[in-house]
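Residue numbers (my numbering), protein chains in the order written: chain A, -15 to 116; chain B, -15 to 116.
For reference, the structure discussed in these notes is given below.
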DNA sequence: TTGTAAATGTTATATTATTACATAGTGTTA
DNA sequence: TAACACTATGTAATAATATAACATTTACAA
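The following block contains the structure:
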């Protein structure tokens, strides 16, 4: 059973915003959106983001400096993330593919070393953009 | 046969610096290091970096905002990159594993979509740091 | 030699993220 | 409940990363 994390006020405000969004959100765009809720400073946003990433409720898309809510109902795969990113419309989806995650979690390099965490970003054109 | 890219003056200065470095270099650390060679502005660095990334001579480590020289003699895999990153000493190595790259290049998601590019970053402790 | 693409130089500014310090809330346990 | 540790919050300042806009120059093929 997964540990229950009770989100604090700021964490909840920021998670809700990201969760409702259909696209990855950037930190300062989040800031502008939550100023009416009393969150005034970048640091307040970054602190909430850090925590949310840590507990797996959101993921950072490294190549875009943006954040999306975990699509995985269980939110247990924050140490093993894979995303597809459309280079045209910037749509991002979390990939949850058991074979892929098993393959990568078990991957060992030439020296036999295994890794405790990975992040994979695939790039291409999404269906919509491809057919344009 | 791979296309020959004759590096320009700035590109060469910056590539040489990165290539000699034992660790990933950040843009502003590069800037400080090349100021004696007449490169004065961030944009000059970023332009050279962009070009070097584009032609596959260097790669960007997205999670670190840093750049390393391609370890692959052929430098042809800039669209299919994988790295191991030590979370303690920050050592970064490029992984060139044929099976892995084949697996990922051929990966198709649930909808059968294939991707033209990927970047994978593994995290863990390197041998040295593990034994400490 | 002219056209064009690539590269350079420079200033200013935008975007992303952290340091430092002070205060307040939450939950545990002595 | 008092004392404690831990987490979260608030605020100001600043650091670090990256791009826009504009002018000029170089490389080189037609």
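No residue lacks a Cβ here, since even glycine has one placed at the ideal position from N, Cα and C.
Return no unless some Cβ of chain B is closer than 8 Å to the Cβ of residue 91/A.
yes
For the region 10 to 36 of chain A, enumerate the residues whose C-beta is nearer than 7 Å to any C-beta of chain B, in chain order.
none
Three-state secondary structure assigned by DSSP to residue 115/B
coil
Buried or exposed: residue 40/A, going by 16 or more other Cβ atoms within 10 Å of its Cβ?
buried
Give the C-beta separation of residue 89/A and residue 64/A to the nearest angstrom, bearing in mind that I take them to be a contact with Cβ-Cβ under 8 Å.
6 Å
Helix, strand or coil: which one does DSSP assign to residue 109/A?
coil
Can you tell me the Cα-Cα spacing of residue 95/A and residue 76/A, whole angstroms?
Approximately 34 Å, taken between the alpha carbons.
Check whether the region 0 to 13 of chain B and the region 99 to 111 of chain B are in contact - that is, three or more C-beta pairs closer than 8 Å.
no
Taking only three categories from DSSP, how would you classify residue 62/B?
coil
Is the beta carbon of residue 80/A less than 8 Å from the beta carbon of residue 56/A?
With contacts defined as CB atoms closer than 8 Å, residue 80/A and residue 56/A qualify as a contacting pair.
I want to see whether chain B comes within less than 8 Å of residue 85/A, judged by CB atoms only; does it?
no
Residue 27/A and residue -5/A: beta carbons closer than 8 Å?
no
Within the continuous alpha helix (DSSP H) that includes residue 38/A, where are the two ends?
26 to 38
Neighbour list for residue 105/B in chain A, Cβ cutoff strictly below 7 Å
102, 103
What residues of chain B sit near residue 108/A, judged by a beta carbon separation below 8 Å?
What residue 108/A touches in chain B: 97, 98, 99, 100, 101.
Leaving aside the five residues before and after residue 21/B along the sequence, list all residues of the same chain whose C-beta is less than 7 Å from its C-beta, in chain order.
Excluding positions up to five away in sequence, the list reads -3.
Closer than 7 Å between beta carbons: that is the criterion. Which residues of the region 42 to 57 of chain B meet it against chain A?
Here the close residues are 46, 47.
Identify whether residue 46/B lies in helix, strand or coil by the three-state DSSP scheme.
helix
Please work out which residues of its chain come closer than 6 Å, Cβ to Cβ, to residue 85/A, disregarding the five sequence neighbours upstream and downstream, and give them in chain order.
64
When you compare only the Cα positions, how much space is there between residue 43/B and residue 53/B?
6 Å
Under 8 Å between C-beta atoms, does residue 112/B make it to chain A?
no
Residue 12/B: buried (16+ other C-beta within 10 angstroms of its C-beta) or exposed?
exposed
So that I know if they touch, is there some Cβ in chain A lying closer than 8 Å to that of residue -10/B?
Answer no: the Cβ-Cβ gap between residue -10/B and chain A never drops below 8 Å.
Less than 8 Å between the C-beta atoms of residue 45/A and residue 106/A, yes or no?
Not a contact, by the Cβ cut-off of 8 Å.
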